[in-house]
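Okay, structure first, notes after.
Chains as they are written, first to last, in my numbering: chain E, -18 to 265; chain H, 1057 to 1262; chain P, 8 to 222.
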């Protein structure tokens, strides 16, 4: 009984539990075991969709990971954008980056985190304004998504770098979401994407989402066929890094993910064992 | 090799200040917390200003005088802060609300109501197993039972009671699965700052 | 003064909401009317500008709240003074130099990006702290919740995924059937609720957004 109380006291001590967790995470991050990974079917499907893109495809890439969630979203976007850039030149694929509702990604993270890791689009032979462009940030909720969908120039007149969007050759003939062939969303707001861009214009949507958003936000749309495929979190990022043969941050964090999950599951099991023992001793 | 970049040192110091609360509440943590609040507000305001510059101020400077109208109406939003004149801010807010509600409403019907209901009755895939047939029945059943669980016009007894009980257990199962996935997202909140400390600051290579 | 007092009337924002909503609703159902399309594009453009301007309200509110504490020298007022200072510095650098300004980028990349996930990581750290006491299986509902949660967590462990696909298959079934059913129902209900609240706001039945009744 006394030992029970001591264990419970220790495992509810904030400093002990949080300190233990941080130390347990530091070890596998500093020295990853490099265990094999099992690639999820969603990641394989996502990869195949990108790999089999038709020449001349126009992709609207809504890049909106907020800084607070970048740990789960940016690692996925890095190998995906690397994959796109790798095939864009030979297949004349056009990539239009934009950021609706959330500015962190499109104004900063794309340049610092993505291009800072995989290199600039110019390194892949892509020219700004002809092969790729950054349309910048559009503030607002439903009305921003809807206005952009119906008339791009009503919500954006200048791109991220201050160029009039009509001066970009790749914007010729692109007036609304209807003129794109594929939509990719990296961030939250998956409901908005389906509501304003997917269903009205019947466009295929690929989503890079939080793991925590899969069950409530993405799966209902995916199973209904409104989202074509998705990648979820760092786990999917690790899969994609393996598929494009570019190991990075995500693969390095898999051991830490395993440890943190095992830690929490162990705490839950111990908590329930202690509860059963308490009830049993209470009955006695 | 420890980083020579002053930016990385600043980041590492702030991360350690943030995690110092694990030991005990202390002035370093409170300093880091206030810094985050201040920087976040500043960053949001800058991002908003970027949008206003591109959408209204730059066209205005280039001779499109009409853009003065949304700027002037939009500035009325700031009256929200005044207790005496807050009612003036209702004008731009009601314009935002009116447009947002209307577009959200009309578009949510085909996407989230009709689209989701249609999705429940998908065609039977080729090579379907008995489990697939069972799943095709179970999904609409769980949808109906969940919806019934939240109806309060009739007491949950008899057949309704059985269906709402199924709904309740399905909700527990669904929320549990959601929680399980949420843990993964939250884990990455912890991993990211530790990666900055280990890889960027201390220069550990993996 | 008479003009200003007219603005106090609640009917004005209610009328604005009704008229603007009707314009957008009619435009959605009646396609190809160019003046209507132009009008909705303009109104949409204006709403985006208002949203962008509204992002500055947080800044002003914080100055007022924390400025009072600094003026009164209440509590740890020096931290509040620091908050205001760093906020104004960040805003000033970004406003003058834009988001590509090197000093603004320094603050964004090394302070904001470092602190934001750090302080939000306490969501997980505190979840672990209370796990022993909070996640107890006390009844069938809690049991099912924990079962689904623990199965999903186990299925998400990369080490386990390599050893056996059983948990992944179970997780996929949970996502595809019960969880899908439940969250589809939630989604449909949310959408229905959104439509009903929207109708109430447009018709002026719902007036909570107007704030306190003016005398």
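We treat Cβ as the ideally placed atom computed from N, Cα and C, and that holds for glycine.
Which class does residue i belong to by DSSP, given the choice of helix, strand or coil?
i	result
residue 1206 of chain H	coil
residue 61 of chain E	helix
residue 168 of chain E	strand
residue 206 of chain P	helix
residue 115 of chain E	strand
residue 228 of chain E	coil
residue 139 of chain E	strand
residue 1173 of chain H	helix
residue 213 of chain P	coil
residue 1141 of chain H	coil
residue 327 of chain E	The question about residue 327 of chain E has no answer here: the residues shown for chain E are numbered -18 through 265.
residue 210 of chain E	strand
residue 185 of chain P	helix
residue 17 of chain E	coil
List the residues of chain E whose Cβ lies closer than 8 Å to the Cβ of residue i, in chain order.
i	result
residue 1225 of chain H	What residue 1225 of chain H touches in chain E: nothing, since even the nearest Cβ is about 16 Å away.
residue 1115 of chain H	138
residue 1246 of chain H	2, 3, 6 and 241
Under 8 Å Cβ to Cβ from residue i, same chain only, skipping five residues before and after it: list those, please.
i	result
residue 1254 of chain H	1260
residue 1082 of chain H	1076
residue 132 of chain E	156 and 157
residue 18 of chain E	219, 220, 223, 232 and 235
residue 25 of chain P	209, 210 and 211
residue 20 of chain E	220, 223 and 224
Starting from residue i, find everything on chain E with Cβ-Cβ shorter than 9 Å and list it in chain order.
i	result
residue 51 of chain P	121, 124, 125, 127, 128, 129, 131, 132, 135 and 136
residue 1152 of chain H	121, 122 and 124
residue 33 of chain P	Neighbours of residue 33 of chain P on chain E: none; closest Cβ ~14 Å, over 9 Å.
Just curious, the alpha helix (DSSP H) that residue i is in, first and last residue?
i	result
residue 117 of chain P	Counting along the chain, residue 117 of chain P falls outside any alpha helix (DSSP H), and DSSP gives it neither H nor E.
residue 1085 of chain H	1083 to 1108
residue 222 of chain E	214 to 224
residue 98 of chain P	84 to 104
residue -11 of chain E	-17 to -8
residue 1232 of chain H	1214 to 1251
residue 1065 of chain H	1062 to 1075
residue 139 of chain P	129 to 141
residue 30 of chain E	22 to 32
residue 1185 of chain H	Segment: none, residue 1185 of chain H is in no alpha helix (DSSP H) and carries neither H nor E.
residue 1147 of chain H	1146 to 1164
residue 75 of chain P	64 to 79
residue 130 of chain E	123 to 131
Please return the same chain residues whose Cβ sits closer than 6 Å to the Cβ of residue i, not counting the five positions on each side in sequence.
i	result
residue 1088 of chain H	1070, 1073 and 1074
residue 179 of chain E	186 and 207
residue 150 of chain P	144
residue 1220 of chain H	1204, 1205 and 1212
residue 98 of chain E	59
Whose Cβ in chain E lies nearer than 7 Å to the Cβ of residue i?
i	result
residue 1237 of chain H	192, 193, 195 and 196
residue 1234 of chain H	196 and 197
Need the endpoints of the beta strand (DSSP E) that residue i sits in, please.
i	result
residue 57 of chain P	Looking at the DSSP string, residue 57 of chain P is not in any beta strand (DSSP E); the run it does join, the alpha helix (DSSP H), is 41 to 61.
residue 44 of chain E	39 to 45
residue 78 of chain E	75 to 81
residue 186 of chain E	186 to 190
List the residues of chain P that residue i touches, going by C-beta distances under 7 Å, in chain order.
i	result
residue 239 of chain E	164, 165 and 166
residue 1191 of chain H	183 and 184
residue 252 of chain E	138, 139, 140, 142 and 143
Short of 7 Å in beta carbon distance, which residues of its chain neighbour residue i, apart from the five on each side in sequence? Order them along the chain.
i	result
residue 6 of chain E	237, 240 and 241
residue 1112 of chain H	1123, 1126 and 1127
Please compile the residues from chain P whose C-beta is within a distance smaller than 8 Å of the C-beta of residue i.
i	result
residue 1091 of chain H	89, 90, 93, 118 and 122
residue 244 of chain E	135
Along chain H, which residues have their Cβ under 8 Å away from the Cβ of residue i?
i	result
residue 131 of chain P	1239, 1242, 1243, 1245 and 1246
residue 88 of chain E	1103 and 1106
residue 110 of chain P	Residues of chain H passing the Cβ test: none, with the nearest at roughly 11 Å.
| Of all the residues that make up the region 191 to 213 of chain P, which are near chain E by a beta-carbon distance shorter than 8 Å? | Within the region 191 to 213 of chain P, the residues whose Cβ lies closer than 8 Å to some Cβ of chain E are 191, 193 and 194, listed in chain order.
| said: For the region 62 to 73 of chain P, list every residue whose C-beta sits within 8 Å of some C-beta in chain H, in sequence order. | reply: Look at the region 62 to 73 of chain P: the residues with a C-beta under 8 Å from a C-beta of chain H are 62, 63, 64, 65, 66, 67, 68, 69 and 71.
| request: May I ask you to list, following chain order, the residues of the region 1058 to 1080 of chain H that have a beta carbon less than 8 Å from some beta carbon of chain E? | output: Contact annotation: in the region 1058 to 1080 of chain H, residues whose CB is within less than 8 Å of a CB in chain E are 1075, 1078, 1079 and 1080.
| query | Which residues, in order along the region 113 to 125 of chain P, keep a beta-carbon less than 9 Å from a beta-carbon of chain H? | reply | Taking a C-beta cut-off of 9 Å against chain H, the contacting residues of the region 113 to 125 of chain P are 113, 114, 115, 116, 117, 118, 119, 120, 121, 122, 123, 124 and 125, listed in chain order.
| query | What residues in the region 82 to 104 of chain P have a beta carbon less than 7 Å from any beta carbon of chain E? | reply | For the region 82 to 104 of chain P, the beta-carbon criterion of a distance under 7 Å to any beta-carbon of chain E is satisfied by none of its residues.
| Residues from the region 159 to 176 of chain P in contact with chain H, defined by Cβ distance under 9 Å | Flagged, chain order: 159, 160, 161, 162 and 163.
| request: Taking a Cβ distance cut-off of 9 Å, strictly less, list which residues of the region 1155 to 1177 of chain H are near chain P, in chain order. | output: When CB distances to chain P are screened at a threshold of 9 Å, the residues of the region 1155 to 1177 of chain H falling below it are 1155, 1156, 1157, 1158, 1159, 1160, 1161, 1162, 1163, 1164, 1165, 1167, 1168, 1169, 1172, 1173, 1175 and 1176, in chain order.
| In chain order, what residues of the region -14 to 17 of chain E put their CB closer than 7 Å to some CB of chain P? | Sequence-ordered contacts of the region -14 to 17 of chain E with chain P read -11, -8, -7, -5, -2, -1, 2, 16 and 17 [C-beta pairs closer than 7 Å].
| query | Given a limit of 7 Å on CB to CB distance, which residues of the region 200 to 225 of chain E reach chain P? | reply | Contacts with chain P (Cβ-Cβ distance below 7 Å) from the region 200 to 225 of chain E involve 200, 201, 204 and 216, listed in chain order.
| request: Determine which residues of the region 1118 to 1142 of chain H have a Cβ less than 8 Å from any Cβ of chain E, and write them out in chain order. | output: Going along the region 1118 to 1142 of chain H in chain order, one finds no residue with a Cβ nearer than 8 Å to chain E.
| query | Going along the chain, which residues of the region 38 to 53 of chain E sit with their C-beta nearer than 9 Å to a C-beta in chain B? | reply | The chain inventory of the structure shown lacks chain B, comprising the protein chains E, H and P.
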